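Novice: Chains as they are written, first to last, in the numbering used here: chain A, 1 to 181; chain B, 1001 to 1181; chain C, 2001 to 2181; chain D, 3001 to 3181. Here a beta-carbon is modelled for each residue, glycine too, at the ideal position from N, C-alpha and C. Quantities reported herein were computed from a predicted structural model and do not represent experimental measurements.
Next up, the structure:
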């Protein structure tokens, strides 16, 4: 079997295990009158950035933790934290601090037993792809590749739901897309 | 039909149209004794970064155009350029310049008629997902979402092929993964 | 003479040649009810980012061209473009495009004869530090180091003027500073 | 007195308090056969990036913690950590971890009593500019502005010393400078 097919088989399996009602729960937490912050390390962080960029396209005020113009996060804000293992220090520690300060947390992880889920998530989306910590559906791919792929698609489904709820067309999103490329 | 299912149907369709022999061609261009540079704008740029990070994990000398410690690109280097439309100015212009200077180009695009393919690619991978310019398989998702998802998986298949060719195990990759998270 | 002293002599010389009334002109262009975008390449780009971060601290809506959540720039927005030579393609081309679209431009450069000044700046601050293109006050330091140092201080003086005009105290700025470090 | 003059007076004062022999100590730790990593948060992080970029220009293998292609840091590597207060969690914690693993640390801070100096630095450069934590020479400028400015110049002096030691000319540095801008 060709390698593309084997990899797609894995992605299909993980996505069939994602509970769409959890995406709906996350959708309810994310509202236009709130500021949305995203947080992730490594390739999970890149997926978080891709999500933030699309949220911007559909009209949200959104910031990436660690980028230049990100202000302090405050009570009433929403933090979307992505960590395959649910244990990454650079994700869990700031999320704990934010939670304590009254920030609402959307936790995205492969590990439903992790601190990110057990203690921190106001909404939780479990994406059970293989991670480098050994969580989730097993994979022929390296490290957390399967988790990254599945998180990417999961967050895009969330964006699609948000754009439909908010009546944002492709044309509207296009007008907000960076015009300096 | 649930939205996850609809989206996966789209991704499955695009991936079934990716020609695995084109991934093999790209694999041949990417060699350990060369420096690999990646280039992309917006969400395509994030996919390029995810690819670069994984190349680093499997032992390549790799740089992201626009990041802090990226040196000048020279004859003999390899440039992997990602653009859905194959026309993004910030991708095509530097790629042309690099090509003129003797750099080998791997072009990743949805648009097989674009300048990136027609004039620049020493190897070309066509990933026919919908883009914001209207290329590729149509999609219910916004802008170039379907292209981004499919490029992500395509580049991961390329990484998997490279890691097998180079005999890099999951453990070896883990040891190179950032330990400061 | 110690090296610190020699370098400070250079910085002092350049800063004595910066015309403070040009900083005042830039101050007038930058208003709280407008969106401010910043643009620069290489180390000039890092100086532009430092400026953007401080603008955020003092309450501006500000974006860095090329970062994740930067939307399209529109008529009525302000673009602060930094280029030592005033000729960097990745700065001048987008600035031209923005200018054509009705964006107001603040140009920061060492080269008062450059396209950035001659054609594009609604306000111009000339910071005549040595650049890698050979402009400005000569320097024992490499490439555009002296320009970078002087731009850094010049943009901080502009921030100080803005914060005083807008009555932003250190405490207010501190409250906006990222609390996730 | 014009504001430029007042600010330059502050920078001159801080730089007169930087002990050039501490820069010489740092120079000894930084060697071409080692990998150099840099770490900093916020505007200090931008200064660390500017330093990394220049180290690359003069021929070092250098990585920015948090950027895409940064590998794991190992015994024998060098970590340059910048924190005004010397207490920033996102700087001190990874530096402690690195130190424990046999990494050599160059600590740059305003606060000579801080954990970064007391416990972690193999070489220490104290740059006593005002920080947002209240360290150092007092300033009319906001937050850690005076520290940032002085760190910028201090690290550039270190680069100048390194380039002279290693016989790197302006022309050689220019050839390594990114040619994709």
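How would you label residue 2104 of chain C, buried or exposed, when you count the other beta carbons within 10 angstroms and need 16 or more for buried?
Specialist: So residue 2104 of chain C ends up on the buried side.
Novice: Given this structure, state the Cα-to-Cα distance separating residue 3002 of chain D from residue 2171 of chain C, to the nearest angstrom.
Specialist: Using only the alpha carbons, I get a separation of about 24 Å.
Novice: Determine whether the Cβ of residue 9 of chain A lies closer than 7 Å to any Cβ atom of chain B.
Specialist: No, residue 9 of chain A does not count as interfacial toward chain B.
Novice: Quick one: grab the DSSP three-state call for residue 1059 of chain B.
Specialist: Correct three-state label for residue 1059 of chain B: coil.
Novice: Checking 7 Å against the spacing of the C-beta atoms, do residue 3092 of chain D and residue 3115 of chain D come in under that value?
Specialist: A contact, by the Cβ cut-off of 7 Å.
Novice: What three-state label does DSSP hand residue 1154 of chain B in the structure shown?
Specialist: Three-state result, residue 1154 of chain B: helix.
Novice: Do the CB positions of residue 2133 of chain C and residue 2117 of chain C come within less than 7 Å of each other?
Specialist: No, they are not a contact pair.
Novice: With 16 as the cutoff for other CB atoms within 10 Å, does residue 100 of chain A come out buried or exposed?
Specialist: Result: exposed.
Novice: Would you call the CB atoms of residue 3150 of chain D and residue 3127 of chain D closer than 7 Å?
Specialist: A contact, by the Cβ cut-off of 7 Å.
Novice: Strictly under 7 Å for the Cβ-Cβ distance: is residue 1104 of chain B near chain D by that measure?
Specialist: It does not; no Cβ of chain D falls within 7 Å.
Novice: Going straight from the alpha carbon of residue 180 of chain A to that of residue 3086 of chain D, what length do you get?
Specialist: About 38 Å.
Novice: So who's on the other strand from residue 3182 of chain D, going by DSSP bridges?
Specialist: There is simply no residue 3182 of chain D to check, as chain D begins at 3001 and stops at 3181 in what is shown.
Novice: From the DSSP output, in three-state form, read off residue 1108 of chain B for me.
Specialist: Residue 1108 of chain B falls in the strand class under three-state DSSP.
Novice: If the criterion is Cβ atoms closer than 7 Å, does the pair residue 3057 of chain D and residue 3176 of chain D meet it?
Specialist: In this structure, residue 3176 of chain D lies closer than 7 Å to residue 3057 of chain D by Cβ.
Novice: To the nearest angstrom, report how far apart residue 146 of chain A and residue 3102 of chain D are at their CA atoms.
Specialist: If I take the Cα positions, the gap works out to 33 Å.
Novice: Excluding the five sequence neighbours on either side, which residues of its own chain have a C-beta within less than 6 Å of the C-beta of residue 1956 of chain C, listed in chain order?
Specialist: The requested residue 1956 of chain C does not occur in the structure, where chain C is confined to residues 2001 to 2181.
Novice: Can you check the stretch 3128-3175 of chain D for any alpha helix (DSSP H) of at least 4 residues that lies completely inside it and give the ranges in chain order?
Specialist: Those alpha helix (DSSP H) runs which fall completely within the stretch 3128-3175 of chain D and span 4+ residues are 3145-3165.
Novice: Would you list the residues sitting across from residue 3079 of chain D in a DSSP beta bridge?
Specialist: Note: residue 3079 of chain D sits in a beta bridge opposite D:3037, D:3105.
Novice: State the beta-bridge partners of residue 1184 of chain B as determined by DSSP.
Specialist: Not covered by the structure: residue 1184 of chain B. The range shown for chain B is 1001 to 1181.
Novice: Which residues in chain C have a C-beta closer than 7 Å to the C-beta of residue 179 of chain A? List them in chain order.
Specialist: Correct list: 2072, 2073.
Novice: Using a Cβ cut-off of 8 Å, pull out every chain D residue sitting near residue 66 of chain A, in sequence order please.
Specialist: Those within 8 Å of residue 66 of chain A in chain D are 3066.
Novice: Quick one: grab the DSSP three-state call for residue 3014 of chain D.
Specialist: DSSP places residue 3014 of chain D in helix when its eight states are reduced to three.
Novice: Check for me: the alpha helix (DSSP H) holding residue 3026 of chain D runs from which residue to which?
Specialist: Element bounds for residue 3026 of chain D: 3020-3029.
Novice: To which residues of the same chain is residue 2063 of chain C closer than 6 Å at the C-beta, ignoring the five residues directly before and after it?
Specialist: Counting only Cβ-Cβ distances below 6 Å, and skipping sequence neighbours, we find 2037, 2070.
Novice: By DSSP, does residue 3098 of chain D sit in helix, in strand, or in coil?
Specialist: Residue state, collapsed to three classes: helix.
Novice: I believe residue 1137 of chain B touches residue 1022 of chain B by the beta-carbon criterion, under 8 Å. Please report the beta-carbon distance rounded to the nearest angstrom.
Specialist: Residue 1137 of chain B to residue 1022 of chain B, Cβ: 16 Å. No contact.
Novice: Quick check on residue 123 of chain A: does DSSP put it in helix, strand or coil?
Specialist: If DSSP states are grouped into helix, strand and coil, residue 123 of chain A belongs with the strands.
Novice: For the 8 Å Cβ check, are there 3 or more pairs between the stretch 154-165 of chain A and the stretch 2048-2057 of chain C?
Specialist: No: the two stretches stay apart, fewer than three of their Cβ pairs being nearer than 8 Å.
Novice: Using CA atoms only, rank isn't needed, just tell me which of C:2121, C:2041, C:2078 is closest to residue 2030 of chain C.
Specialist: Of C:2121, C:2041, C:2078, the residue nearest in Cα terms is C:2078.
Novice: Whole-angstrom Cβ separation of residue 157 of chain A and residue 1007 of chain B, contact assumed at under 8 Å?
Specialist: At roughly 6 Å, the Cβ-Cβ gap stays under 8 Å, so residue 157 of chain A and residue 1007 of chain B are in contact.
Novice: Output needed for residue 2088 of chain C: all residues of its chain with C-beta closer than 6 Å, excluding positions within five of it in sequence on either side, in chain order.
Specialist: Excluding residues within five positions, the ones whose Cβ falls inside 6 Å are 2041.
Novice: Using 8 Å for Cβ pairs, my map puts residue 3159 of chain D next to residue 3054 of chain D. What's the rounded Cβ distance?
Specialist: 5 Å between Cβ atoms; contact.
Novice: Buried or exposed: where does residue 26 of chain A fall if 16 or more other Cβ atoms within 10 Å of its Cβ makes it buried?
Specialist: Per the 10 Å Cβ criterion, buried.
Novice: Within its chain, find whatever has a CB closer than 6 Å to the CB of residue 3111 of chain D; leave out the 5 residues flanking it on each side and keep chain order.
Specialist: Hits under 6 Å: 3085, 3086, 3135.
Novice: Beta carbon of residue 52 of chain A, beta carbon of residue 1143 of chain B: below 7 Å?
Specialist: Against a cut-off of 7 Å, the Cβ pair of residue 1143 of chain B and residue 52 of chain A comes out as no contact.
Novice: Can a CB atom of chain A be found closer than 7 Å to the CB of residue 1026 of chain B?
Specialist: No, its Cβ sits nowhere closer than 7 Å to a Cβ of chain A.
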